[in-house]
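Below is one structure; the comments refer to it alone.
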Amino acid sequence: MTSYLGHEKAEQIFRQSLARDMLHHAWILAGDRGLGKAGFAQQAAHFLLNSRNRPARFSGTQDDEAGHLLAAGSHPDFRLLRRGPKGDKEEKKARDNGLDSLDEHDLARNIKVDQIRALQPLFQNQASISEYRVVIIDAADDLERAGANAILKNLEEPPKNTIFFLISHMPDRLLPTIRSRCQMLRFEPLNDHDMRAILKNASPKLSEADLDALVLAGEGSPGRALQYVEVGLAELEGLAREIIKTGDRDNQLKSELSRKLSLKAATPRYRAFLERAPSLIAEQIKYGATGQSLQAIEKWREASDLASAAVPKALDNQAVIFRLGSLMGDLAPSPRQK
Numbered sequence: 098m099t100s101y102l103g104h105e106k107a108e109q110i111f112r113q114s115l116a117r118d119m120l121h122h123a124w125i126l127a128g129d130r131g132l133g134k135a136g137f138a139q140q141a142a143h144f145l146l147n148s149r150n151r152p153a154r155f156s157g158t159q160d161d162e163a164g165h166l167l168a169a170g171s172h173p174d175f176r177l178l179r180r181g182p183k184g185d186k187e188e189k190k191a192r193d194n195g196l197d198s199l200d201e202h203d204l205a206r207n208i209k210v211d212q213i214r215a216l217q218p219l220f221q222n223q224a225s226i227s228e229y230r231v232v233i234i235d236a237a238d239d240l241e242r243a244g245a246n247a248i249l250k251n252l253e254e255p256p257k258n259t260i261f262f263l264i265s266h267m268p269d270r271l272l273p274t275i276r277s278r279c280q281m282l283r284f285e286p287l288n289d290h291d292m293r294a295i296l297k298n299a300s301p302k303l304s305e306a307d308l309d310a311l312v313l314a315g316e317g318s319p320g321r322a323l324q325y326v327e328v329g330l331a332e333l334e335g336l337a338r339e340i341i342k343t344g345d346r347d348n349q350l351k352s353e354l355s356r357k358l359s360l361k362a363a364t365p366r367y368r369a370f371l372e373r374a375p376s377l378i379a380e381q382i383k384y385g386a387t388g389q390s391l392q393a394i395e396k397w398r399e400a401s402d403l404a405s406a407a408v409p410k411a412l413d414n415q416a417v418i419f420r421l422g423s424l425m426g427d428l429a430p431s432p433r434q435k
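98 is the number of the first residue of the sequence shown in our numbering; add one for each residue after it.
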């Protein structure tokens, strides 16, 4: 990959700012989850920190000193702040296997103020081996209030040659004082061509049918689509679309879908499908695939409410999936409409 696929405009804005000696000290990378904001920040960090042999463009190949240090988590001029382990047990697991080994429920709710305070020694001296120092906060939405106020002080009086990347899925919820001191760089959903390229690169063994299903399911978000790859959502997407197409009047497809997602081992797939099902119904409304839009909106609303309540209320998996299948089946055209 010679540049950051799908976000060439954002890369161009950033590189031109650097070339014109107008590089802002703080950037908010804003957009929905899974669009590649964190990956962009990592490549921008490598681009800045590789001052001895800076490439012409962002690069996915980081076979150089800066890249090796970043990969090892030991670059002296770089810091990545994320939510840490929530307890001693999770902290030991992170020490043994790395922070990425932790599941969502193993992480603390927020990025703590102590993590921000731990950055201060980085700012007290000049950069060690690079022209710049780089701090990525992933995500700034996770900063606890005291942490947000602490980082604000650094943004108000930025340390020399230090660049901050604040990743945000909900930038409107950040402190106005933080937003006012940052340059906003917005990330949009990727087109189908870029989505297919990213998915093929990440999972070369995917069939064309699975690629098609995942491009649709990802809705322009590579991160979401790759999450669906991990849980095998393409097969479930196929069943769901067949239910929408045919109505599944004999309930065979709904029963098969329910069976596949009712076992305890299928929990990740179940949760992924809960997230996807309302979007499938919304897609039918958006593209006018159903002639009864008001009824379809009601189906979407019920599906959304059911999907959001299923896990917190510990509803029966099989019953939830069967009902979601029924709501999708109600969208099928009647014999007279076909």
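For every residue, glycine included, the Cβ atom is placed at its ideal position computed from N, Cα and C.
This one's a predicted model, so the numbers in the text were calculated from it and none came from an experiment.
Distance, residue j Cα to residue i Cα
i: ARG373; j: SER401; result: 10 Å
i: GLY317; j: PHE261; result: 26 Å
i: GLN212; j: LEU219; result: 12 Å
i: ILE341; j: ASN288; result: 24 Å
i: GLN415; j: LYS183; result: 32 Å
i: LEU428; j: PHE419; result: 15 Å
i: GLU187; j: GLN217; result: 26 Å
i: GLU241; j: LYS209; result: 6 Å
i: ALA406; j: LEU421; result: 13 Å
i: LEU199; j: ASP193; result: 11 Å
i: ARG338; j: LEU391; result: 20 Å
i: ALA331; j: ARG117; result: 46 Å
i: GLN140; j: ALA363; result: 35 Å
i: LEU145; j: ARG151; result: 7 Å
i: ASP413; j: LEU272; result: 40 Å
i: ARG176; j: GLY195; result: 16 Å
i: ALA247; j: THR274; result: 12 Å
i: ARG278; j: THR259; result: 14 Å
i: ALA215; j: LEU126; result: 23 Å
i: ARG149; j: ALA169; result: 19 Å
i: ALA306; j: ARG270; result: 39 Å
i: PRO255; j: LYS302; result: 46 Å
i: THR387; j: GLU380; result: In this prediction, THR387 has a pLDDT of 49, which is less than 50 and means its spatial position is unreliable; what the coordinates show is noted afterwards. Distance between the alpha carbons of THR387 and GLU380 is about 10 Å.
i: GLN221; j: LYS257; result: 10 Å
Of the residues the options, the one placed nearest residue i, counting alpha carbons only
i: ARG398; options: PRO375, ASP193 and PRO409; result: PRO375
i: ASN207; options: ASP197, VAL232, ALA243 and PHE175; result: ALA243
i: ARG179; options: ALA168, LEU421 and ASP235; result: ASP235
i: ALA153; options: PHE111, ILE125 and GLN415; result: PHE111
i: ASN443; options: GLY133, GLY164 and GLN139; result: Within the shown structure, residues of the chain are numbered from 98 to 435, placing residue 443 beyond reach of any answer.
i: ALA310; options: ALA299, PHE137, ILE226 and VAL326; result: VAL326
i: LYS297; options: VAL232, MET281, LEU323 and GLY195; result: LEU323
i: HIS172; options: VAL231, LEU120, ARG151 and LEU271; result: VAL231
i: ALA68; options: LEU282, LYS190 and ASP269; result: No answer is possible for residue 68: the residues shown for the chain start at 98 and end at 435.
i: SER225; options: LYS302, LEU166, ALA306 and GLY181; result: LEU166
i: ASP185; options: LEU177, LEU204 and ASP197; result: LEU204
i: GLN159; options: GLY170, HIS143, ARG149 and LEU424; result: HIS143
i: ILE382; options: ASP347, ASP413, PRO430 and GLU353; result: PRO430
i: ASP263; options: GLY128, GLY170 and VAL417; result: Per the sequence shown, the amino acid found at residue 263 is Leu instead of Asp. Closest by alpha carbon: GLY128.
i: ASP345; options: GLU108, LEU249 and MET425; result: MET425
i: GLU108; options: GLU162, LEU303, GLN221 and PHE284; result: PHE284
i: ALA245; options: ASN348, LYS361 and SER265; result: SER265
i: THR343; options: PRO301, SER423 and VAL417; result: SER423
Residues bridged to residue i [DSSP beta-bridge criterion]
i: ILE125; result: LEU263 and MET281
i: PHE175; result: VAL231
i: ILE208; result: LEU240
i: PRO182; result: LEU204
Assumed close pair residue i, residue j - CB separation to whole angstroms, cut-off 8 Å
i: LEU333; j: ARG366; result: 7 Å
i: ARG321; j: GLY329; result: Incorrect: roughly 14 Å between the Cβ atoms, too far for contact.
i: VAL408; j: ARG368; result: 7 Å
i: ALA411; j: LEU252; result: Going by Cβ atoms, the distance from ALA411 to LEU252 rounds to 43 Å, so no, they are not a contact pair.
i: SER227; j: ASP174; result: 5 Å
i: LEU336; j: LEU350; result: 6 Å
i: ASP239; j: MET267; result: 11 Å between Cβ atoms; not a contact.
i: HIS104; j: GLY131; result: Not quite, the Cβ-Cβ distance comes to about 13 Å (not below 8 Å), so this is no contact.
i: ARG293; j: LEU313; result: About 11 Å separates the two Cβ atoms, so there is no contact after all.
### Query
Curious, which full-length alpha helix (DSSP H) runs of at least 4 residues does the segment 272-356 contain?
273-276, 289-299, 305-315, 319-328 and 330-343
### Minimum length 3: unbroken beta strand (DSSP E) runs contained in the segment 366-417
none
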